[in-house]
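Chemist:
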Amino acid sequence: MTAPVALAQADPEPRPDGDLLLADDFDDAAASALASYGDEWMAWEVAGGVGTLSSSSADNELAAQYPAPAATDVLIEVDLRFASDQVEGAGVTFRGSDLL
Numbered sequence: 002m003t004a005p006v007a008l009a010q011a012d013p014e015p016r017p018d019g020d021l022l023l024a025d026d027f028d029d030a031a032a033s034a035l036a037s038y039g040d041e042w043m044a045w046e047v048a049g050g051v052g053t054l055s056s057s058s059a060d061n062e063l064a065a066q067y068p069a070p071a072a073t074d075v076l077i078e079v080d081l082r083f084a085s086d087q088v089e090g091a092g093v094t095f096r097g098s099d100l101l
């Protein structure tokens, strides 16, 4: 197995028709995401520009959340790195109210 490669990435730029609503460069844990479940199930760490979420739940579910302003027509980009090649998949879940 080869070690993962970390690629340099420019700061995110909002699309010409929108505003950047949320960006996390993982330099401040207090301003970053929150684990969706308590400390007995999940741990969220921010160090060296990387956010790491770990789980001790039976199904290893990982869920973090950001407080964010209301938005419509959202475009999201997420860069993920996995500590193991045994990962079956990953995704992003949006939740909202007053959905049409």
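Taking the numbering used here, the leading residue of the sequence shown gets 2, the next gets one more, and so forth.
Where a beta carbon is used, it is the ideal one built from N, C-alpha and C, also for glycine.
(1) Which of helix, strand or coil does DSSP assign to ALA31?
(2) Apart from the five residues just before and just after VAL79, which ones in its own chain have a Cβ nearer than 7 Å to its Cβ?
(3) Could you tell me which residues DSSP puts in a beta bridge with THR73?
(4) Can you grab the Cα-Cα spacing for the pair ALA32 / ASP26, in whole Å?
(5) What do you reckon, are the CB atoms on ALA72 and ALA36 nearer than 9 Å?
(6) Taking DSSP's pairing of strands, which residues face SER55 in a bridge?
Modeler: Let me spell this out:
(1) As a first step, residue 31 must be located in the sequence shown, where it is residue number 30. Reduced to three states, the DSSP call for ALA31 is helix.
(2) Position 78 of the sequence shown, counted from the first residue, corresponds to residue 79. VAL93.
(3) Counting from one through the sequence shown, the residue named residue 73 turns up at place 72. Paired residue(s): none; THR73 is not in a bridge.
(4) One-based indexing of the sequence shown puts residue 32 at position 31. One-based indexing of the sequence shown puts residue 26 at position 25. So the alpha carbons of these two residues sit roughly 10 Å apart.
(5) As a first step, residue 72 must be located in the sequence shown, where it is residue number 71. As a first step, residue 36 must be located in the sequence shown, where it is residue number 35. No; because the gap between Cβ atoms is not below 9 Å, this pair is not in contact.
(6) Taking the sequence shown and counting its residues from 1, the one referred to as residue 55 is at position 54. BP columns for SER55 point to ALA44.
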